[in-house]
Amino acid sequence: MKLMRKKMNREMKWGAAILSIYLFWLIYWLFQKYILQGSLSRPYTPDIDMTKELVAPSFESFWFGTDLFGRSLFEVLSAGLSYSLSLAVLVSASCLMIGIVVGYLTVVGPRFFKVFFDLITNIVFIFPSILIAILVMSVTGQSLKGLIFALIITGWPGYARIARGETQRVLGLSYVESAKAIGVGPFRLFRKCIIPDILPQIMIHFVLGLSGVVISEAALGFLGLGGSEFSWGALLADAKSVLLEAPYVTIFISLCMAGLIIGLNLMGDGLRDYLDPQG
């Protein structure tokens, strides 16, 4: 019964409800993009039609109205959702894998490895991540690959710090010490003992990290450093020029982005409470 109460905590219920809406929205858009209006070889993208510029919501069958390029705002937001979520999952998964390996090696590896990565981690945490991302993109150039690389550079140290602390805790457990005493190798110990024990805490950071990537990507997109024209940040940058004329554009974009971030944060907080052994 206690486990069921932990499963049904308020944060997880609200987070799951909000994220379910976005998941169904994403599935609907992918169905439209690759099956109904496009194909796998030629995916559908919202078309520019300046004759329908800034049509108000609910007019001419446009649910959310149109943007300043005459594109359906609902379709533009749908494309932005697909882009933001896929980018967030890719970046967070890459940071998670790098962070786990680096965190483990800083505990069991040679001293120079610990000192080097401690220095790199502290440098990333000292400077604002947005400034580091801008610096990285100024070197790599404005592209989707450059954006992904910049977000990974600023994201992996958080995972590495958690993995390091959890690895130190797990290595002190009696059954892990027994495994080392009977000659279990470092790789097998990492795969069989370390990863299963540290993964729950890492997954909490993963869910919360998704919202962080969405925010960072939107900030870079707003500054003109995004990897897609459908970046929610880039859409907000365009919408500010028609803020007084068509405020609904900014409102809908902001609400969609805020809802996704709130849902991810609620789910992450709920997972933290669920996995708390003292909860």
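With our numbering, letter number 226 in the sequence shown gets 226, and the count goes up by one each step, no holes.
Glycine is no exception: its CB is placed at the ideal position from the N, C-alpha and C atoms.
Proximity of residue i and residue j at Cβ, strictly below 9 Å
i: Met137; j: Leu220; result: yes
i: Ala79; j: Ser228; result: yes
i: Ala88; j: Leu225; result: no
i: Leu235; j: Leu77; result: yes
i: Gly155; j: Ser94; result: yes
i: Leu90; j: Ile148; result: yes
i: Ile204; j: Ala160; result: no
i: Asp273; j: Glu11; result: yes
Spatial neighbours of residue i in its chain, beta-carbon cut-off 6 Å, leaving aside the 5 residues before and after
i: Leu208; result: Gly268
i: Gly15; result: Gly263, Leu266, Met267, Gly270
i: Leu275; result: Pro200
i: Asp197; result: Val170
Residue burial classification, residue i (beta-carbon count within 10 angstroms, cutoff 16)
i: Thr51; result: exposed
i: Asp67; result: buried
i: Arg280; result: As shown, the chain starts at 1 and ends at 279. That puts residue 280 outside it, with no answer to give.
i: Pro157; result: buried
i: Gly183; result: exposed
i: Phe74; result: buried
i: Gly172; result: exposed
i: Ala218; result: buried
i: Lys33; result: buried
i: Gly38; result: exposed
i: Val176; result: buried
i: Phe59; result: exposed
i: Ile162; result: buried
i: Ile21; result: exposed
Extent of the continuous alpha helix (DSSP H) run through residue i
i: Tyr22; result: 10–31
i: Thr45; result: Counting along the chain, Thr45 falls outside any alpha helix (DSSP H), and DSSP gives it neither H nor E.
i: Phe113; result: 111–126
i: Trp232; result: 232–239
i: Pro157; result: 144–171
i: Phe206; result: 195–222
i: Lys180; result: 174–181
i: Arg188; result: 186–189
i: Val101; result: 73–108
i: Ile132; result: 129–140
i: Thr250; result: 247–275
Sequence-distant residues of its chain with Cβ nearer than 7 Å to residue i (five each side left out)
i: Gln168; result: Val107
i: Ser72; result: Pro46, Phe62, Thr66
i: Leu3; result: With a pLDDT of only 46 at Leu3, under the threshold of 50, the placement of this residue in the model should not be trusted, and no figure is reported.
Sequence-distant residues of its chain with Cβ nearer than 8 Å to residue i (five each side left out)
i: Phe113; result: Leu105, Thr106
contact_flag[the stretch 189–207, the stretch 130–140] where n(CB pairs < 8 Å) is 3 or more: no
Cβ pair count under 8 Å reaching 3, the stretch 61–76 against the stretch 244–254: The stretch 61–76 and the stretch 244–254 touch, with no fewer than 3 CB-CB distances between them shorter than 8 Å.
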